[in-house]
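Chemist:
Numbering (this note's numbering), first residue to last: 3 to 564.
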């Protein structure tokens, strides 16, 4: 393999980091030696590692738009992923950007930039000549962050180049992609080295909440091992990998976390509020907050809503919320989706008696929020419509559903001037329960699988999964429970891929719901096709690497099919 001059994303001059770290103009960059001789500058550098390493999902265009959770109306950026037009030439438009439509999907150049910053930090700590407080903890946090970045690369691309030290321009090195197993082992090593030097946890009211902890390390291991054991990466269904996934999740089951008693409040409370379900999150302050409510609500509140953000939930997702009696609203018979008569679902009153997480996650026609009743209806001739109908404004989601999950309570204003501080949750106990349930199912322990699915359901008052649900039916319920419990938390895109069911879940049509209101007030509900996404191709199980990256470093092999 030829020697290559490093020209791809991991190569950045040290000074290129300083603008973010020190928030000073380029002409005033502090000399590199000065940073490592001043404890305050070292801490500033270290704190910035979090900003560059931990992304959040409170974007104008959420990752859900690339899935069957939300309708994607745009045809650019993340629309390329949703509409099957992504390729190595346009994939960078789906990067982790806020004002464009990236949706937290493409993550390569920025990832390796952050990895280089971390490697510089770790190298400088080895030769540091001054004494600083909590040095071992800071090193451990940096290793956790590197592991977290590499996990994000792994779930997107599979095996990736493993870079454990910094390089300078002009260095001659050989870079090629490691195997999937090598990448997993690299991540595992960083986590296991970090874990002993970190405190087990911080309370959500603690000023250090949001920093890496021992429990965050365990949660990352749980997710890593779950993905590594899944069909996409475990083609031989090696049960030892499922056992590692089960053990990693089990390590957190008795660590003092609890499912929040109110599902809505897990997500919509301002930063610093007691929340013992969160294991690790990206936090915000009143001076550096987010504006997710204004991105997701509709024109009623002066928000962007559907036309701009298009994070409107789909009918596909709505259909998958169970009825309050625990029965699925729909079942599949001879390949066709039909109403489950045992559920009590009423097509003329489709939003009644659903799993409480439905109303906690989605605003629909007839929903009440902040004293307002939402009206998504249209008259039979199209001459009249409700205030929240797409006919009223392009800023009302075309699916006729509004995302509610992260919306604040009534005592917090809805305004573009407001900085919202509810955290973006990365790991929480609800996920760990479902990780454990899945691993135990794959190991043949269906009773434990049902037990932990049921724990998640019981939190919202839903019935337990009956003992009569076994085998393939239990797998369906398990997969659907993740779909519902973790909706809009950036799990769905990866779940359907690691399970290798995206050829079904992401093929075909995305629907909304049209509501026709007669003069006498009666309503008819009609599923409306919003887009036909066509057939999912196997190459889409992994993302492509951008063309320019391959041209700069031909030793990096492109993912299959691109």
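We put the CB at the ideal spot given by N, CA and C, even for glycine.
The beta strand (DSSP E) with residue 532 in it runs from where to where?
Modeler: Reading the chain shown from its first residue, position 530 is the one you call residue 532. Per DSSP, residue 532 belongs to the beta strand (DSSP E) from 525 to 534.
Chemist: Expressed to the nearest angstrom, what Euclidean distance is found between the alpha-carbon atoms of residue 182 and residue 396?
Modeler: In the chain shown, residue 182 corresponds to position 180, counting from 1. In the chain shown, residue 396 corresponds to position 394, counting from 1. Looking at the two C-alpha atoms, the distance is approximately 44 Å.
Chemist: Here's the rule: buried if 16 or more other CB atoms are within 10 angstroms of the residue's CB, otherwise exposed. What is residue 179?
Modeler: Stepping through the chain shown from its first residue, residue 179 is reached at position 177. By the neighbour-count rule (16 or more Cβ atoms within 10 Å), residue 179 is buried.
Chemist: Assuming residue 125 contacts residue 55 under a Cβ cut-off of 8 Å, what Cβ separation, rounded to an integer in Å, is found between them?
Modeler: Reading the chain shown from its first residue, position 123 is the one you call residue 125. Reading the chain shown from its first residue, position 53 is the one you call residue 55. The pair is not a contact, with the Cβ atoms about 17 Å apart (cut-off 8 Å).
Chemist: Please classify residue 420: does DSSP put it in a helix, a strand, or coil?
Modeler: Within the chain shown, numbered from 1, the residue matching residue 420 stands at position 418. It is coil, neither helix nor strand.
Chemist: Whole angstroms are fine: how far does the CA of residue 342 sit from the CA of residue 64?
Modeler: For this step, residue 64 is matched to residue 62 along the chain shown. For this step, residue 342 is matched to residue 340 along the chain shown. In a straight line, the C-alpha of residue 64 is about 32 Å away from that of residue 342.
Chemist: Which stretch, first to last residue, makes up the alpha helix (DSSP H) that contains residue 498?
Modeler: As a first step, residue 498 is located in the chain shown; it is residue number 496 there, counting from the start. Run containing residue 498: 494 to 500, per the alpha helix (DSSP H) assignment.
Chemist: Can you give the beta carbon distance from residue 151 to residue 116, rounded, assuming they're within the 8 Å contact cut?
Modeler: By one-based count along the chain shown, residue 151 stands at place 149. By one-based count along the chain shown, residue 116 stands at place 114. Right, their Cβ atoms sit about 6 Å apart.
Chemist: Is the beta carbon of residue 405 less than 9 Å from the beta carbon of residue 514?
Modeler: For the purposes of this step, residue 405 is identified with residue 403 of the chain shown, where counting begins at 1. For the purposes of this step, residue 514 is identified with residue 512 of the chain shown, where counting begins at 1. Cβ distance not < 9 Å, so residue 405 and residue 514 don't count as in contact.
Chemist: Roughly how many angstroms separate the alpha carbons of residue 121 and residue 73, rounded to a whole number?
Modeler: Residue 121 sits at position 119 when you count from the first residue of the chain shown. Residue 73 sits at position 71 when you count from the first residue of the chain shown. Residue 121 and residue 73: Cα-Cα distance of roughly 39 Å.
Chemist: How far does the beta strand (DSSP E) with residue 192 in it reach, from first residue to last?
Modeler: Here residue 192 refers to the residue found at position 190 of the chain shown. Per DSSP, residue 192 belongs to no beta strand (DSSP E); it is in the alpha helix (DSSP H), 182 to 196.
Chemist: Cα separation between residue 388 and residue 85?
Modeler: Within the chain shown, residue 388 is the residue found at index 386, counting from 1. Within the chain shown, residue 85 is the residue found at index 83, counting from 1. Cα to Cα, the separation comes out at about 30 Å.
Chemist: Do you know offhand how far residue 248's Cα is from residue 92's?
Modeler: Start at 1 with the first residue of the chain shown, and residue 248 comes out as number 246. Start at 1 with the first residue of the chain shown, and residue 92 comes out as number 90. About 38 Å.
Chemist: Could you tell me whether any non-hydrogen atom of the ligand ADP is closer than 8 Å to the CB of residue 81?
Modeler: The ligand ADP is not among the ligands present in this structure, which contains no ligands whatsoever.
Chemist: In three-state terms, what does DSSP make of residue 76?
Modeler: Position 74 of the chain shown holds residue 76. Reduced to three states, the DSSP call for residue 76 is coil.
Chemist: Could you give the residue range of the beta strand (DSSP E) that holds residue 238?
Modeler: In the chain shown, residue 238 corresponds to position 236, counting from 1. Where residue 238 is concerned, there is no enclosing beta strand (DSSP E), given that its DSSP letter is neither H nor E.
Chemist: I need the straight-line Cα distance from residue 202 to residue 294, nearest angstrom please.
Modeler: Counting from one through the chain shown, the residue named residue 202 turns up at place 200. Counting from one through the chain shown, the residue named residue 294 turns up at place 292. Straight-line Cα distance between these residues: approximately 30 Å.
Chemist: Take the Cβ of residue 569 as the centre, count every other Cβ of all protein chains shown within 10 Å, and call the residue buried at 16 or more, exposed below.
Modeler: Residue 569 cannot be examined here, being either before or after the span of the chain that is shown, 3 to 564.
Chemist: Our contact map puts residue 157 next to residue 426 with C-beta atoms below 8 Å; I'd like the distance itself, whole angstroms only.
Modeler: Numbered from its first residue, the chain shown carries residue 157 at position 155. Numbered from its first residue, the chain shown carries residue 426 at position 424. About 17 Å separates the two Cβ atoms, so there is no contact after all.
Chemist: Tell me the DSSP bridge mates of residue 64?
Modeler: Here residue 64 refers to the residue found at position 62 of the chain shown. For residue 64, which the question treats as bridged, DSSP gives no partner whatsoever.
Chemist: Would you identify the three-state DSSP class for residue 44, choosing helix, strand or coil?
Modeler: Along the chain shown, one-based indexing puts residue 44 at 42. The answer is helix: DSSP assigns residue 44 an H, G or I state.
Chemist: By the three-class DSSP mapping on this structure, what secondary structure does residue 462 have?
Modeler: Along the chain shown, read from residue 1 onward, the residue named residue 462 stands at position 460. Of the three classes helix, strand and coil, the one that applies to residue 462 here is coil, per DSSP.
Chemist: Measuring alpha carbon to alpha carbon, tell me which residue in 137, 217, 465, 194 is nearest residue 428.
Modeler: The residue given as residue 428 occupies position 426 in the chain shown. Comparing Cα positions, the closest option is 217.
Chemist: Label residue 138 either buried or exposed according to how many other C-beta atoms from any shown protein chain fall within 10 Å of its C-beta, with 16 as the threshold for buried.
Modeler: Position 136 of the chain shown, counting from 1, holds the residue named residue 138. Classification of residue 138: exposed, given that the 10 Å Cβ count is below 16.
Chemist: Rounded C-beta distance between residue 57 and residue 224? I'm assuming under 8 Å.
Modeler: Residue 57 sits at position 55 when you count from the first residue of the chain shown. Residue 224 sits at position 222 when you count from the first residue of the chain shown. Their Cβ separation, rounded to whole angstroms, is 19 Å, which puts residue 57 and residue 224 out of contact at 8 Å.
Chemist: Below 8 Å on the Cβ atoms is my guess for residue 401 versus residue 317; work out the distance and round it to an integer in Å.
Modeler: Position 399 of the chain shown holds residue 401. Position 315 of the chain shown holds residue 317. The pair is a contact, with the Cβ atoms about 7 Å apart (cut-off 8 Å).
Chemist: Using a Cβ-Cβ cutoff of less than 8 Å, which residues in the same chain neighbour residue 272 once the five nearest sequence positions on both sides are dropped?
Modeler: For this step, residue 272 is matched to residue 270 along the chain shown. Cβ neighbours of residue 272 beyond the five flanking positions: 410, 414, 422, 423, 424.
Chemist: Using only the alpha-carbon positions, how far apart do residue 454 and residue 435 sit?
Modeler: Residue 454 sits at position 452 when you count from the first residue of the chain shown. Residue 435 sits at position 433 when you count from the first residue of the chain shown. Between residue 454 and residue 435, the C-alpha separation is close to 6 Å.
Chemist: Within a Cβ cutoff of 8 Å, which residues of the same chain sit near residue 323, ignoring the five residues on either side of it in sequence?
Modeler: Your numbering for residue 323 matches position 321 in the chain shown. Closer than 8 Å at the Cβ level, and outside the excluded window around residue 323, lie 331, 356, 357, 359, 360, 486.
Chemist: Within the chosen definition, does the region 279 to 290 reach the region 365 to 385 through at least 3 CB pairs nearer than 8 Å?
Modeler: Flag = no, the region 279 to 290 and the region 365 to 385 do not touch.
Chemist: Which value, in whole angstroms, describes the spacing of the CA atoms of residue 48 and residue 252?
Modeler: As a first step, residue 48 is located in the chain shown; it is residue number 46 there, counting from the start. As a first step, residue 252 is located in the chain shown; it is residue number 250 there, counting from the start. Computed Cα separation, rounded: 31 Å.
Chemist: Between which residues of its own chain and residue 289 is the CB-CB distance below 6 Å, once the five residues before and five after are set aside?
Modeler: Taking the chain shown and counting its residues from 1, the one referred to as residue 289 is at position 287. Taken in chain order, the list of residues that qualify is empty.
Chemist: Helix, strand or coil: how does DSSP classify residue 127 here?
Modeler: In the chain shown, the residue the question calls residue 127 occupies position 125. Looking at residue 127 - three-state DSSP - the assignment turns out to be helix.
Chemist: Going by Cα to Cα distance, which pick from 471, 420, 189 is closest to residue 328?
Modeler: Start at 1 with the first residue of the chain shown, and residue 328 comes out as number 326. Among 471, 420, 189, the Cα nearest to that of residue 328 is on 471.
Chemist: Taking buried to mean at least 16 other C-beta atoms within 10 Å of its own C-beta, is residue 299 buried or exposed?
Modeler: Translated into positions along the chain shown, residue 299 becomes position 297. Its Cβ being crowded by 16 or more others within 10 Å, residue 299 is buried.
Chemist: Locate the alpha helix (DSSP H) running through residue 296, then write down its first and last residues.
Modeler: One-based indexing of the chain shown puts residue 296 at position 294. Its alpha helix (DSSP H) spans residues 294 to 298.
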